[in-house]
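2 protein chains.
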Amino acid sequence: MLVMGVDPGLTRCGIGVVIGTPGRAELVSAGVIRTSPDLDIARRLLQIEAGLEEWIAAHRPDAVAVERVFAQHNVTTVIGTAQAAGVALLVAARHGIPAVQHTPSEVKAAISGSGRADKAQVGTMVARILKLDAAPKPADAADAVALAICHAWRGSASARLAAAAEATARPRTWSQVVAARGVS
Amino acid sequence: MLVMGVDPGLTRCGIGVVIGTPGRAELVSAGVIRTSPDLDIARRLLQIEAGLEEWIAAHRPDAVAVERVFAQHNVTTVIGTAQAAGVALLVAARHGIPAVQHTPSEVKAAISGSGRADKAQVGTMVARILKLDAAPKPADAADAVALAICHAWRGSASARLAAAAEATARPRTWSQVVAARGVS
Chain A
628 MLVMGVDPGL TRCGIGVVIG TPGRAELVSA GVIRTSPDLD IARRLLQIEA GLEEWIAAHR
688 PDAVAVERVF AQHNVTTVIG TAQAAGVALL VAARHGIPAV QHTPSEVKAA ISGSGRADKA
748 QVGTMVARIL KLDAAPKPAD AADAVALAIC HAWRGSASAR LAAAAEATAR PRTWSQVVAA
808 RGVS
Chain B
628 MLVMGVDPGL TRCGIGVVIG TPGRAELVSA GVIRTSPDLD IARRLLQIEA GLEEWIAAHR
688 PDAVAVERVF AQHNVTTVIG TAQAAGVALL VAARHGIPAV QHTPSEVKAA ISGSGRADKA
748 QVGTMVARIL KLDAAPKPAD AADAVALAIC HAWRGSASAR LAAAAEATAR PRTWSQVVAA
808 RGVS
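If you read the sequences in order, they're chains A and B.
Position one of the first sequence corresponds to residue 628 (the working numbering), numbered consecutively onward.
Position one of the second sequence corresponds to residue 628 (the working numbering), numbered consecutively onward.
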């Protein structure tokens, strides 16, 4: 599957496009959408939207994987980061492309086998997986590539879970969720 | 000026449209954009975008006022709220409509004279200002109307400040900011 990873941010929004199947991945393209801190937030979000539209038009990904933003993240930037992530989810939905969110720990675990790997270890593993001399630069692009690899490798499992959830007509209570997943 | 206020939220996004000049305001329309918690976040943001597009097409506001979201807000909902606010800012910018953010305290102070007024006091003042028997319902719509009134009443001052900021070519350091504002 062709996956576009998005490492959301207002100043630098990392993008990484990867073709992958569990255990294998090939880099298609990576880069960064930049917006100027001189612009107001509304215009910055508009620029991010325009950049994402270009990337999607150029690559037509099967899925968009966005890093999940938590309220506990850096409080001075978390609102802007959440809004950039929201624009990525919105643009994917507009094109009917499944949009999924992965936590940084999920990405680290998928790439390196450990949810606690540091940035350098993830970069080294990304380069090795993609058979490159070094991880894509800047770091935001490398993080987006790692997200895309994570989703390509987890995607089939996620798709099965999603299909199962659809089939059971969206259970709403915890006991229904447990029942639908066959967990006792 | 015709102002559209947006009280951002994923489940209920309040909208209030007001014509106002400092000290006076008239209600044009108020309501709520709802999205279902059964949908994924990407599709909910897409529905909010579609709803906002309809409101803007119907009213062509001169400005969009959005409640500013802080990282310290309710942590279980703050990310979704921030993303809904981001979509409102984005849609405004797309139409070339100035989008401004006001804090809840600014709204309370503008409406009731006190930044610490409670919801009931703000509702009472909104009804009195608009010469209505009661504040618009639900509460999210009333909050959006209060935001719109706040902006209509503060708008001319904000516009002057924005023009002054443009004229000084966006000072970037704190000392430049202080110098530009004439604060010693």
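All C-beta atoms in this analysis are idealised placements derived from N, C-alpha and C, irrespective of residue type, glycine included.
For a contact meaning CB atoms closer than 7 Å, what does glutamate 680 of chain B contact in chain A?
-> Those do not exist, as glutamate 680 of chain B stays about 12 Å from chain A at its closest Cβ, beyond 7 Å.
Identify every residue that forms a DSSP beta bridge with leucine 596 of chain B.
-> Only positions 628 to 811 of chain B appear in the structure, and residue 596 of chain B is not among them; the question remains open.
CB of aspartate 836 of chain B within 8 Å of CB of aspartate 767 of chain B, strictly | A question about residue 836 of chain B goes unanswered here, because the residues of chain B that appear run from 628 up to 811.
Would you please verify whether the beta carbon of valine 633 of chain A is less than 8 Å from any beta carbon of chain B?
-> Valine 633 of chain A does not count as touching chain B.
Are the C-beta atoms of valine 702 of chain A and some chain B residue less than 8 Å apart?
-> At least one beta carbon of chain B lies nearer than 8 Å to the beta carbon of valine 702 of chain A.
Distance, Cα to Cα, isoleucine 776 of chain B vs glycine 658 of chain B?
-> Straight across, the Cα-Cα distance linking isoleucine 776 of chain B with glycine 658 of chain B is about 15 Å.
Compile a chain-ordered list of the residues in the segment 665 to 677 of chain A whose CB is closer than 8 Å to at least one CB of chain B.
-> Residues Asp665, Asp667, Ile668, Ala669, Arg670, Leu672, Leu673, Glu676.
Between which two residues does the alpha helix (DSSP H) harbouring alanine 684 of chain B extend?
-> 668 to 686 is the span of the alpha helix (DSSP H), which, as asked, contains alanine 684 of chain B.
Quick one, which residues of the segment 726 to 738 of chain A are near chain B if we go by CB-CB under 7 Å, in chain order?
-> Under the 7 Å Cβ criterion, the segment 726 to 738 of chain A contributes Ala726.
Since leucine 757 of chain B is in the beta strand (DSSP E), which residue starts that stretch and which ends it?
-> Where leucine 757 of chain B is concerned, there is no enclosing beta strand (DSSP E), although the alpha helix (DSSP H) it sits in stretches over 746 to 757.
So what's valine 630 of chain B in DSSP terms, helix, strand or just coil?
-> Reduced to three states, the DSSP call for valine 630 of chain B is strand.
Using the beta-carbon of each residue, which ones in chain B are nearer than 7 Å to alanine 698 of chain A?
-> Those are Ala698, Val702, Val705, Ile706, listed as they occur along chain B.
By how many angstroms is the C-alpha of alanine 761 of chain B removed from the C-alpha of leucine 672 of chain B?
-> Taking the straight line from one Cα to the other gives about 31 Å.
Name the chain B residues whose beta carbon is nearer than 7 Å to that of leucine 717 of chain A?
-> Ala669, Leu672, Leu673, Glu676, Val714, listed in chain order.
DSSP three-state assignment for valine 659 of chain B, whether helix, strand or coil = Residue state, collapsed to three classes: strand.
Straight-line CA distance for alanine 747 of chain B to valine 645 of chain B?
-> The straight-line gap from Cα to Cα measures roughly 20 Å.
Is valine 705 of chain A closer than 8 Å to alanine 652 of chain B when the C-beta atoms are compared?
-> Going by C-beta atoms, alanine 652 of chain B is not nearer than 8 Å to valine 705 of chain A.
May I ask which residues mark the beginning and end of the alpha helix (DSSP H) holding glutamine 710 of chain B?
-> Per DSSP, glutamine 710 of chain B belongs to the alpha helix (DSSP H) from 705 to 721.
Among the residues of its own chain, which have a CB less than 8 Å from the CB of glutamine 710 of chain B, if the five just before and after it don't count?
-> Take glutamine 710 of chain B, set aside five residues on each side of it, and the residues of its chain with a beta-carbon closer than 8 Å to its own are Leu637, Ile668, Leu672, in chain order.
Would you check if the segment 733 to 750 of chain B and the segment 710 to 725 of chain B touch, i.e. whether three or more CB-CB distances between them fall below 8 Å?
-> Cβ pair count under 8 Å is below three, so no.
Along chain B, which residues have their Cβ under 7 Å away from the Cβ of arginine 721 of chain A?
-> Near arginine 721 of chain A (Cβ distances below 7 Å), the residues of chain B are Leu673.
Who are the Cβ neighbours of proline 688 of chain A in its own chain at under 7 Å, not counting the five residues just before and after it?
-> Once the five neighbours on either side are set aside, the close Cβ partners of proline 688 of chain A are Leu629, Val630, Met631, Val644, Ile724.
With DSSP run on the structure shown, which of helix, strand or coil describes arginine 743 of chain B?
-> If DSSP states are grouped into helix, strand and coil, arginine 743 of chain B belongs with coil.
Which residues bound the beta strand (DSSP E) around valine 691 of chain B?
-> Where valine 691 of chain B is concerned, the enclosing beta strand (DSSP E) stretches over 690 to 694.
Own chain, CB closer than 8 Å to histidine 686 of chain A, minus 5 neighbours either side, in chain order | Excluding sequence neighbours, histidine 686 of chain A sits near Leu629, Met631, Val644, Val655, Ser656.
Can you grab the Cα-Cα spacing for the pair arginine 670 of chain A / arginine 695 of chain B, in whole Å?
-> About 16 Å.
Beta-carbon proximity list for valine 714 of chain A, same chain, < 6 Å, skipping 5 on both sides = Within its own chain, the residues whose Cβ lies closer than 6 Å to the Cβ of valine 714 of chain A, once the five positions on either side in sequence are excluded, are Leu672, Ile675, Glu676, listed in chain order.
Own chain partners of histidine 722 of chain A with C-beta closer than 8 Å, once the 5 adjacent residues on each side are dropped = Excluding sequence neighbours, histidine 722 of chain A sits near Ile683.
Give the secondary structure of valine 702 of chain A by DSSP, where H, G and I count as helix, E and B as strand, and everything else as coil.
-> Here valine 702 of chain A carries a coil assignment [DSSP, helix/strand/coil].
If we call anything under 8 Å between Cβ atoms a contact, is alanine 692 of chain B one with valine 749 of chain B?
-> It is not a contact, given that the beta carbons lie outside the stated cut-off.
Put alanine 768 of chain A into one of helix, strand or coil per three-state DSSP.
-> Three-state DSSP puts alanine 768 of chain A in a helix.
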